[in-house]
Amino acid sequence: MPRATSMLPGMRNLAPDARKLGQAPVKPSWRLLSRILGYAGRQRVKIFLILLFALLGCSLDIAAPLFMGKAIDAMIGKGQVRLGIVMQITGMLIGFYLCSAFFSWMMIYTSNIVAARTAALLRKDGFARIGKMPLRFFDRSSHGDVISRFVNDIDAISDGLLQGLVQLFSGAISIVGTMAIMLYLSWRMTLIVLPSAVLTFLLASWIARMTGKYFRKQQMYIGQINGVVEETFSGQREVKAFGHERADQTVFDGINSKLYTVGQKAQFVSSLPNPTTRLVNYIAYILIGVFGWLAGGLSIGQIAGFLMYWTQFSRPLNDLTNISSQVMAAFASAQRVFEIMDLPEEEPDPADASDLQLETVRGEIEFSQVSFSYEPGRPVIRDFSVHVQPGQRIAIVGPTGAGKTTVINLLMRFYEPQSGMIRLDGTDTRRITRKSLRRSFGMVLQDTWLFAGTIRENLVYGKPGATQEQIVAAAKAVHAHGFIKRLPEGYDTVISGDGGNFSQGQKQLLTIARAMIANPPMLILDEATSSVDTVTEIRIQEAFALLMKGRTSFVIAHRLSTIREADLILVVKDGQIIEQGNHPALLAAKGFYFELYNSQFAAQA
Amino acid sequence: MLKYLFPYLRPYRKQFIVGPSFKLLEAILELTLPMMMANIIDIGILHHDRTYILHTGLRMLIIILIGFGSAIICQYSASVASQGFGTRVRSAIFSHVNHLSFADLDAMGTDTLTTRVTNDINQLQVAVSMLIRLIFRAPFVSIGCIVAAMMLDVPLSVVIWVGVGSFILVLSVLMLTAFPLYTQVQKRLDDVAGVVRENFSGVRVIRAFARASVETERFVKVVDAHASSVIRVTRIASLMNPLTGLIMNLVICAILWFGGLRVNSGGMSTGQIIAFINYIAQILTALIAVANLVVIFTRAMASLRRVNEVFAMAPSVETEEAGEMTATGAVGTSAEIICKNPGAPAISFEGVHFSYVENPENDPEKNALTDIHFSVPQGSILGIIGGTGSGKTTVLSLIARFYEEQSGTICFSGCDAKTLSARTLRKNLGCVFQNPRLFSGTVAQNLRWGDPDASDDELKEACRSAQAADFIEAMPEKYGARIERDGKNLSGGQKQRLSIARALVRRPSILLLDDAASALDFATEARLRDALASLRKSTDMTVVIVSQRIASIRGADQILVLDDGMQMGLGTHRELMAGCETYRSIVLSQMSEEEVG
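Following this line, the structure appears as structure tokens:
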């Protein structure tokens, strides 16, 4: 399989296995179909009703022209019309058509409901699967592309596949029924026109296969465009600052023009079935008219009936060929959707994994010779060992990129070490449920994440049952209460997506309060207060000191004040702990830490 | 409604004429068929005229072959026009959004913009394609058939008129009811995209707080809301086809009855009745096509409105035309000098007031900045310090012209910023923001955001100054190493250093650093300061540093102290220690008395 060497974001940055996404040819296999039907299958009653309505409606539609033919036969000429028969038949037909319209409406309505609910189910299931994927997936995939699959591709499945299938079914009934009657009217004529039907079908299938190829490519480019759009629109600050608009435009236009080429072909080819089948149908139409009496020995009324039947026969045939391209497009989308859903999940917790009771967690942590790398061949942490007693405050310092955040990733089991073991209260963390392990750490990250909801909702994120007193107490402790009260709606103010209307410092205070409210037995602080001014930071540190009393906490920080108060400082350089100890001890040792500490005065000379 | 999109339709004038015309031709030709069939029956069969039948059949064959060719031409035109239109609009809307101001972007939100650029334009494409293929055909076939029927027999054709009239009535009612519902469907789709996006960007927090199940509930709610709005539309839209069919079938019944009477009275022949019925069948097909067209258009209208909303937003701060750029290079820089006053300060603020919200009475409560004034000589360092929310980043945003001040004057090299083009100004700025953003690509590609024409050596040099060279060289692919979306595979400090390097690649005359060293340890930051100092000496670069750390800005030529948007002090470290209470308290909170020195 050729490597994707194009310069496009989204495709290029997936892990090697994921890069192959979107390259597989579309195979409208039964397996794919049955998977989709599996989602629809939960609405069995409705599906049965659809089929029933289709059957009833079609039968009526099929029977009608027969009677119409009889009525016409009764109109022989001037003064020779048997009005009684005509009236009878007309009355019957009115009844037929009323019922048929009703059934048709019920069928369409119900099938639309089934399609909508199936799409909803697909989305929910897809979301649930994503929830179980390892962090690697989130860090590496193009967000826009995945969103496109959730939004556009699933829409294509419900629009194309399900509607198509219903029409397929009712069309099939029409065709079979009409064919039966035509045979009854004149088997000779039917034989004449049958080849055209077969020809139509063959042509349509061939065209459908061609369009599948184009549709797959089209959806792929749409996903890529989504990726570019999402990244550019959310990175506007840098785009503007670096005047990168034009370069982004070039990338976008590149994908866009590829999309055009593929899309135009796809659309043209997929629109061919219509005129083609029309042509074939008209040929048959002509044949009926010309040879109906000449060769088939039909009466005028019978010819009229036959013509009507032929129209009735060819319409669904026409529809079917139209549907085929829609269905192909839907298959292409289905493949994309299942591709994501089938990616390997995180290894589930072992069956006998213990579920931590937060109140009983003591907070004793041990790393035993842990080694880890994000990518093979690029080790980040090598042979790391440390023993932390409950209630200790551990500061992790060191030059950047030395592996400090990685320690957190491993503690929280966002990533798994390649070798070595991490123990909590003596138990291997791999034998603890991820959920309970993670909840026992209160985490405040560098990256402040808030969701579109009220301040209150964000604050109680880790502890939904928190009371107003608890919320306000935490907010006061971090000095967020002041600015919250000053807002027009106070705690009910809505935070716009990703916290756009708050400053970095305010967001950080909120995330700290959030962690406080969750009241976990252990803490992880990742440079939490770097965006907050030092006056406020001191107050927060006092609050934290209270919080940290008796709780094990890991702090990745650069503030001397934070580091000075730690029980244990881990100095990390190039993935190794090169020094351990508290502040006075390390200074006395006159090692790397000593240098680091003194360098803050170096530039003042 | 179409005023924004019209320029993108115009290049396809030819297709818009050719396509429908050929479809029209096909429709006209098709119209003749029932009549010819009627003749076959009335003349050929009734009079047992074989030759006539065969000749007519042959003529019909030729007609449909020509019709087929016409249809193909039309389909081709439709595909070219609709896809081409869609491509152009996508490109235009992308470019448009890229030039919008922050206020506008915040107001709209990234999610809905993304949906509008893809999903909504898709709907429009489909509409254009359908327009070309059916706009002439369906109404024409209907009208044509009616006319042909009238030619056959006027009194009976009244029935058809009644049928078509009822059809139009039903259609209008349905469409008017469905339109607002379609808008709701698209909006709910936005919400679905939104939740997915949040779950991607916040996955760590969600898992840390073990809130996956809550997020799933949120998603379920949003998806169900979308599904129910779709179903609500369906209740109305699904009536379309059955009702249309019913109306026309009832017309057929009427024709049977009244036609029978007419044949009885000698006004019509049987063959003509059959032709009538044929025409009805064709009208029915055409009307169903119209009905589906209307559904597509109704959806497209909703999308059209959403797309128009984006185009209607006018970029606010871009003053492209104003101001002339001169390109006199100063010693050692390759950047353009912003304007021609060599002795003037690089940046000056005079009596600047700014607020993010509407503030016509200049209410100081609402101001993000009140009465700021300072002047930064070329080649010097300005440090800005203050508490959270004191306005530090706002000052930088004004310098970078992301926003415009409400009153007061900001000058660059003596020229009023309002007379300069924001884009050209930014060419001379190197910006490093809080939480800098990197983009998927290689290290080199990210660095070249600063200057697409930078040579590899220039990249290396910038990285050396930014203290980024060591970790880049340590990676196997070095400058070709891949960076995942937003630099997720780098540590915070590495990201910052890379962003600083990116800004330095630009060889800016003004460097803006917003808390740019917060993730760096003291040693690295000290080396960075040294590197910047020597860079300044050789290139006369002006530096503005915003920081929380006294250590970072202590050596600045001037320090601006802000508190709650107000200027508390301006001067050197010593001056401020002596005369500015706010500054003193900040310093003492970070260092002990003797460390201050």
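Same order as they appear, the protein sequences are chains A and B.
Take 1014 as the starting number for the first sequence in the working numbering and just add one per residue.
Take 60 as the starting number for the second sequence in the working numbering and just add one per residue.
Ideal placement from N, C-alpha and C gives every residue a C-beta, glycine not left out.
Check your understanding: Beta-carbon of B/Y241 versus every beta-carbon of chain A: anything under 7 angstroms?
Key -> no
Practice item. Per DSSP, which residues does A/S1566 bridge with? Please list them. Key: A/R1406 and A/L1536
**Study point:** Segment contact flag, the region 1230–1237 of chain A with the region 1270–1277 of chain A, C-beta cutoff 8 angstroms, min 3 pairs
**Key:** yes
Point to revise | First through last residue of the beta strand (DSSP E) which encompasses B/L488 | key: L488 to V491
Review point. Roughly how many angstroms separate the alpha carbons of A/K1489 and A/P1430, rounded to a whole number?
Key: 39 angstroms
Review point. If you compare alpha carbons, which of A/R1095, A/T1565 and A/A1067 is closest to A/I1374?
Key: A small fix is needed here, since residue 1374 of chain A is Val in this sequence, not Ile. Across the set A/R1095, A/T1565 and A/A1067, the C-alpha of A/T1565 shows the shortest separation from the C-alpha of A/V1374.
Exercise for review: Give a yes or no on whether the minimum CB-CB distance between B/T378 and chain A is below 7 angstroms.
Suggested key: Residue confidence is low: B/T378 scores 38 on pLDDT, short of 50, so the model does not pin down where it sits. Its coordinate-derived value is still stated next. Taking Cβ atoms only, chain A never reaches closer than 7 angstroms to B/T378, which makes this a no.
**Study point:** Identity of the residue in A/F1351, A/G1310, A/P1286 and A/P1357 nearest A/S1327 by Cα
**Key:** A/P1286
Practice item. Please decide whether B/T177 counts as near chain A, where near means a Cβ-Cβ distance under 7 angstroms. Key: yes
Review point. For A/P1288 and chain B, any beta-carbon pair shorter than 7 angstroms?
Key: yes
Check your understanding: Identify the residues that DSSP records as bridge partners of A/P1392: which are they?
Key -> A/S1386
Review point. Got a sec: is the Cβ-Cβ distance from A/S1247 to anything in chain B below 7 angstroms?
Key: yes
Review point. With 16 other CB atoms within 10 Å as the buried threshold, where does B/R263 fall?
Key: buried
Check your understanding: Is the CB-CB distance between B/A137 and B/S188 below 7 angstroms?
Key -> yes
Practice item. Let me know the alpha helix (DSSP H) ranges lying completely inside the region 220–276 of chain B, each 4 residues or longer, listed in chain order. Key: 262–267
**Study point:** Own chain, CB closer than 6 angstroms to B/Y462, minus 5 neighbours either side, in chain order
**Key:** S456
Exercise for review: Spell out whether any CB of chain B is found under 7 angstroms from the CB atom of A/N1294.
Suggested key: Taking Cβ atoms only, chain B never reaches closer than 7 angstroms to A/N1294, which makes this a no.
Review point. Does B/N487 come within less than 7 angstroms of chain A when only Cβ atoms are used?
Key: no
Exercise for review: With a 10 Å radius around its C-beta and 16 neighbouring C-beta atoms as the bar for buried, classify A/W1118 as buried or exposed.
Suggested key: So A/W1118 counts as buried.
Exercise for review: Quick one: using the 10 Å Cβ neighbour count with 16 as the cut-off for buried, is A/Y1322 buried or exposed?
Suggested key: buried
Check your understanding: Are A/V986 and A/F1605 touching if we call contact CB-CB under 7 angstroms?
Key -> Because chain A is modelled from 1014 through 1618, residue 986 of chain A falls outside the range shown and cannot be assessed.
Exercise for review: Would you list, in sequence order, the uninterrupted beta strand (DSSP E) runs of no fewer than 3 residues that lie entirely inside the region 549–618 of chain B?
Suggested key: Correct list: 569–573 and 601–605.
Exercise for review: Write down the C-beta distance between B/Q331 and B/A186 rounded to the nearest angstrom, noting that I regard them as a contact closer than 8 angstroms.
Suggested key: Contact flag wrong, Cβ pair sits at about 39 angstroms.
**Study point:** Beta-bridge partners of A/Q1262, as assigned by DSSP
**Key:** In the DSSP output, where bridge partners are listed per residue, A/Q1262 has none listed.
Check your understanding: What did DSSP end up calling A/K1586 once you bin it into helix, strand or coil?
Key -> strand
Exercise for review: Note down, in chain order, each residue of its chain lying with its Cβ closer than 6 angstroms to the Cβ of A/G1023, except the 5 sequence neighbours on either side.
Suggested key: Reliability fails at A/G1023, whose pLDDT of 27 lies under 50, so the model's placement of it is uncertain and the value that follows must be treated cautiously. S1155, D1158, Q1237 and G1240.
Review point. Alpha carbon to alpha carbon, how far is A/Q1519 from A/D1539?
Key: 16 angstroms
Check your understanding: Who are the Cβ neighbours of B/M534 in its own chain at under 6 angstroms, not counting the five residues just before and after it?
Key -> Its chain contains A540 as the residues whose beta carbon lies nearer than 6 angstroms to that of B/M534, once the 5 sequence neighbours on both sides are disregarded; these appear in chain order.
Review point. A/V1491 by DSSP, collapsed to three states: which one?
Key: coil
Exercise for review: Report the three-state DSSP secondary structure of B/T378 (helix, strand or coil).
Suggested key: Any answer about B/T378 is weak, because its pLDDT of 38 lies below 50 and its placement is not dependable; what the coordinates show is given next. Coil at B/T378, not helix or strand.
Practice item. Kindly say whether A/V1099, judged by its beta-carbon, lies nearer than 7 angstroms to any beta-carbon of chain B. Key: yes
**Study point:** Top-ranked residue by Cα proximity to A/Y1428, from A/K1083, A/R1451 and A/G1411
**Key:** A/R1451
Review point. Does any C-beta atom of chain A lie closer than 7 angstroms to the C-beta of B/I227?
Key: no
**Study point:** is_contact[B/L172, chain A] using C-beta, thresh 7 angstroms
**Key:** By this cut-off, B/L172 is an interface position.
Exercise for review: Using a threshold of 7 angstroms, state whether the C-beta atoms of A/S963 and A/A1493 are closer than that.
Suggested key: Nothing in the structure corresponds to residue 963 of chain A, since chain A is present only between 1014 and 1618.
Review point. Along the chain, which unbroken stretches of the beta strand (DSSP E) at least 3 residues long are found entirely within the region 1221–1274 of chain A?
Key: none
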